[in-house]
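Working notes, beginning with the structure itself.
There are 2 protein chains.
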Amino acid sequence: MSDREIFEEIATLERLIHEPARLAIMTALSSVEEADFLLLQRLTGLTKGNLSSHLTKLENAELLEIEKSFRGKRTHTNLKLTRKGRKRIETHWKKLDSLRKSAGNK
Amino acid sequence: MSDREIFEEIATLERLIHEPARLAIMTALSSVEEADFLLLQRLTGLTKGNLSSHLTKLENAELLEIEKSFRGKRTHTNLKLTRKGRKRIETHWKKLDSLRKSAGNK
DNA sequence: AGTAAATAGTTTGTATTGCAAACCGGTCTG
DNA sequence: CAGACCGGTTTGCAATACAAACTATTTACT
Chain A
1 MSDREIFEEI ATLERLIHEP ARLAIMTALS SVEEADFLLL QRLTGLTKGN
51 LSSHLTKLEN AELLEIEKSF RGKRTHTNLK LTRKGRKRIE THWKKLDSLR
101 KSAGNK
Chain B
1001 MSDREIFEEI ATLERLIHEP ARLAIMTALS SVEEADFLLL QRLTGLTKGN
1051 LSSHLTKLEN AELLEIEKSF RGKRTHTNLK LTRKGRKRIE THWKKLDSLR
1101 KSAGNK
């Protein structure tokens, strides 16, 4: 891939994943099987409201699944990446890598 | 740095640099002394309008300098990172790195 | 000479969206 | 049983990224 193509590709990076909060969410989730809402909130430092809306966005794009269940009497929300989601975040990091490398050795 | 801190930091990444188009611009510029408007446009694939406004934003933040001169009879616009800018993009990449790594080995 | 097209950008308008804050249904605590 | 806490969702607004329109000069064509 030429430099031009790499830079051009990065300039049109998928905003959905690239957005800082979601990049953090996706990356955090990619390292584990699953996590719950509160763990994710602690990890990212996001407010509940914003975490919630980011998760909904990722769910709509079918990059993660939101599983609600009961733990004792209260609801419990579990998040996990879909296969699609796992692939996307990997690919995204690869793109970032190649952008960085192409800048490194000129 | 703990995982929590890393993810939290990434969630609040500097949007100014992180935005795909500007990340491409900054990264491209970081690899050279300077570049002109058109080279940058070719590299990033951005339209003139958008490139222009991104550059202005980066200039306002003092991350790069826009030098206009005459080449023959027509104006010529040259871009180069400031010291500040050079530092910022480096730091940014380091942050991204540590985010990625912290996800890798869990 | 006149006009069309290219060069080198800037400005404007709009639709999107990220964030904070308000809200909501429950549960636990004194 | 009033208030605090838990686990979120919804709403409202301010910021902004992109496309499209615009400006101004220069070169090419006829």
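Protein chains in written order, with the numbering used here: chain A, 1 to 106; chain B, 1001 to 1106.
Glycine is no exception: its CB is placed at the ideal position from the N, C-alpha and C atoms.
Given the structure is predicted, the values throughout are model-derived calculations rather than measurements.
Using CA coordinates, which residue listed in the options is at the minimum distance from residue i?
i, options, result
"A:Leu-99", "B:Glu-1009, B:Glu-1014, B:Ala-1024", "B:Ala-1024"
"A:Val-32", "A:His-54, A:Ser-102, A:Gln-41, A:Arg-86", "A:Arg-86"
"A:Glu-67", "A:Leu-16, A:Asp-36, A:Ala-11", "A:Asp-36"
"B:Met-1026", "A:Glu-8, A:Ser-2, A:Glu-59, A:Leu-16", "A:Glu-8"
"B:Asn-1050", "B:Met-1001, B:Ala-1021, B:Ser-1002", "B:Ala-1021"
"A:Arg-4", "B:Thr-1075, B:His-1076, B:His-1054, B:Arg-1042", "B:Arg-1042"
"B:Ser-1052", "B:Thr-1077, B:Ser-1030, B:Glu-1014, B:Arg-1071", "B:Thr-1077"
At least one CB of chain A closer than 7 Å to the CB of residue i: is that the case?
i, result
"B:Thr-1044", "yes"
"B:Thr-1027", "yes"
I'd like to know whether the C-beta of residue i is nearer than 7 Å to at least one C-beta of chain B.
i, result
"A:Glu-8", "yes"
"A:Ser-30", "yes"
"A:Lys-106", "Residue placement at A:Lys-106 is poorly supported in this model, since its pLDDT is 41, which falls under 50; the coordinates are not used for a value here."
"A:Arg-4", "yes"
"A:His-35", "Inspection of the sequence shows that residue 35 of chain A is occupied by Ala rather than by His. Chain B contact via Cβ: absent."
"A:Ala-61", "no"
"A:Arg-100", "yes"
"A:Thr-82", "no"
"A:Thr-56", "no"
"A:Leu-13", "yes"
"A:Arg-88", "no"
Following the continuous alpha helix (DSSP H) through residue i, name the residue where it begins and the one where it ends.
i, result
"A:Ser-135", "With chain A running from 1 to 106 in the structure shown, residue 135 of chain A is simply not present."
"A:Ile-43", "Note on identity: in this sequence residue 43 of chain A is Leu, with Ile being the wrong assignment. 37-44 is the extent of the alpha helix (DSSP H) around A:Leu-43."
"A:Leu-13", "It is not in any alpha helix (DSSP H) - A:Leu-13 carries neither H nor E in the DSSP assignment."
"B:Thr-1027", "1020-1030"
From what residue to what residue does the beta strand (DSSP E) around residue i run?
i, result
"B:Ser-1069", "1064-1071"
"A:Thr-82", "Note, A:Thr-82: premise wrong, no beta strand (DSSP E); not H, not E."
Just confirm the distance between the C-beta atoms of residue i and residue j, as a whole number of angstroms; I'd bet it's less than 8 Å.
i, j, result
"A:Leu-79", "A:Leu-64", "6 Å"
"B:Ile-1006", "B:His-1092", "The Cβ separation is near 14 Å, so there is no contact."
"A:Ala-11", "B:Thr-1044", "4 Å"
"B:Glu-1059", "B:Lys-1084", "Between B:Lys-1084 and B:Glu-1059 the Cβ distance is about 12 Å, and since that is not below 8 Å, they are no contact."
"B:Ser-1030", "B:Leu-1096", "Incorrect: roughly 14 Å between the Cβ atoms, too far for contact."
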